[in-house]
Amino acid sequence: MSHVPTGKPTGKEPAGLRYPTNGKTIYHRPLNRSKTAELSQSSFAYLFSEMVTYAQRRVTGIQELEKRLNNQGHPIGLKLLDLLLIREPARSQTRPLNIISLLQFIKMSLWQHLFGRQADRLEKSSNPDTPDEYMIIDNEPLVNAYISVPREMSQLNCAAYVAGIVEGVCDGAAFPARVTAHSVGGNEDGEMWPGKTVFLLKFQPEVLEREALIASKV
Amino acid sequence: MTVFALIIINKAGGLIYNKTFYEAGLNKISTNDYLVLAGTFHGVHAITSRLNPVKNPANRASASAGGMLTRPDPPSGLEVLESENFRLQCFTTLTGVKFLLFTDTTQANVDQTIRRVYDMYSDYVMKNPFYQLEMPIRCDMYDRKLLSYIREINNR
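Residue numbers (UniProt numbering), protein chains in the order written: chain A, 1 to 218; chain B, 1 to 156.
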């Protein structure tokens, strides 16, 4: 890090770029820090609320809105895959190579990094017609913590943003998939998790083909 | 000890939320009456806050002597209205939203209750992307949290 300027004030303040007074720029921070660093949930809630409002502009339907939220999350997923893998200990620093380990990676590392806890459940579709569908279940998605969806938009789930992140991770790991978020919690009073959300991962056929091929070789 | 009802009035004097928590022995009033009630209270509140416009001038002088220029708190206006059968506590936020809580006359810690109600408003209403400012509040999550909080107090 010797080439990074330390930002000691040199007499006259130069116009333009300013450095923090202690001389530490963002480049001086280690990449592997912030295992326990937490952010304010309120500021995230306000930011996310504005993101939803922004995505709502000039859309004609709920599907389009979800698509936009999905697109906002996608690049984050691509980047997080790299970041989380480099933060793993050196011996386990490998990209997930089959669907199960990819899902485990998302359930544990990704959820832990984003929300400070693991996802609640993983499931494989029990329907024999759709062997390409897997489900990640979150009882209380953090992004929906303060959001009440109006009745006329009841199919909307703002966790489509998180679905976009998951989709980014899958695409980055070369498991192209479509990921969508669905609310499954009932509206009844006795319901334990009214915000329960299922992230449905539908992998492309070539992924399953490859998966079968690898399984037959082993 | 019972909390009867909550009314929220926006800064223009419009009713944006009303909820009754305790049914027994209360007269039902129509939505129109609620609107009139909110508007009337808003007017009365505006008058009462003008009755004592300057708050403790001696205090202000000492604060500005310390080098800090401070603006005095705005006059709070009507805070509590008490009758034989109920007590009305009003809490005005810095942005001019008024929370009116109708309780039993013996109810304790109404300040804390109303504060908590405001907390929940700022969480579940203000952070909701589908809520439009100054418009009636229709947020399931707020309803749910509010009901469970007040139910807990009423069952104590």
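Yeah, the Cβ is synthetic: ideal placement off N, Cα and C, and Gly gets one too. This structure is a prediction, so every number in the text was calculated from the model and none was measured.
- Closer than 8 Å to the CB of C139 of chain B there is at least one CB belonging to chain A.
- Taking V207 of chain A as the centre and dropping the five residues before and after it, the same chain places the C-beta of I99, D132, F175, P176 and A177 closer than 8 Å to its C-beta, in chain order.
- For Q89 of chain B, the secondary structure class from DSSP, reduced to helix, strand or coil, is strand.
- Distance from the CA of P89 of chain A to the CA of S49 of chain A, rounded to the nearest whole angstrom, comes to 36 Å.
- When the alpha-carbon of L88 of chain B is set against those of B:M120, B:D104 and B:G96, the nearest one is in B:D104.
- Within the segment 144–166 of chain A, the residues whose Cβ lies closer than 7 Å to some Cβ of chain B are Y146, I147, S148, V149 and P150, listed in chain order.
- For M51 of chain A, no pairing in a beta bridge is given by DSSP.
- Burial of N18 of chain B is indicated by the presence of at least 16 other C-beta atoms within 10 angstroms of its C-beta.
- Annotation: the continuous alpha helix (DSSP H) that includes D119 of chain B extends over V110 to M120.
- For M141 of chain B, the enclosing alpha helix (DSSP H) begins and ends at D140 to N154.
- Spanning the alpha carbons of Y22 of chain B and V3 of chain B requires a straight line of approximately 7 Å.
- Within the segment 78–155 of chain A, the complete beta strand (DSSP E) segments at least 3 residues long are 121–124 and 133–138, listed from N- to C-terminus.
- Between A38 of chain B and L6 of chain B, the C-beta spacing is not below 8 Å.
- Taken atom to atom, the span from the alpha-carbon of L81 of chain B to that of T40 of chain B is near 14 Å.
- Of all residues in the segment 105–137 of chain B, those with a C-beta nearer than 7 Å to a C-beta of chain A are D123, Y124, K127, N128, P129 and F130, reading in chain order.
- In this structure N128 of chain B is in contact with S148 of chain A, their Cβ atoms being roughly 6 Å apart against a cut-off of 8 Å.
- Taking 8 Å as the cut-off, the Cβ atoms of L142 of chain A and F115 of chain A count as close.
- Ranked by Cα distance from A160 of chain A, the first of A:R151, A:E152, A:S101 and A:I136 is A:I136.
- The residue among B:S83, B:G43 and B:N27 with its C-alpha nearest the C-alpha of A12 of chain B is B:G43.
- Between the C-alpha atoms of G77 of chain B and C90 of chain B there is a straight-line separation of about 9 Å.
- For the segment 42–71 of chain A, the residues whose beta carbon sits under 7 Å from a beta carbon of chain B are, in order, A45, Y46, S49, V52 and T53.
- Cα atoms of I137 of chain B and V125 of chain B: separation of roughly 7 Å, rounded to the nearest angstrom.
- For N70 of chain A, the three-state secondary structure derived from DSSP is helix.
- Under the three-state reduction of DSSP, L35 of chain B is assigned to helix.
- Among the residues facing chain A, Y142 of chain B is included, as its CB has a counterpart in that chain under 8 Å away.
- Taking C-beta atoms under 8 Å as the contact rule, C170 of chain A and L102 of chain A qualify, at a distance of about 7 Å.
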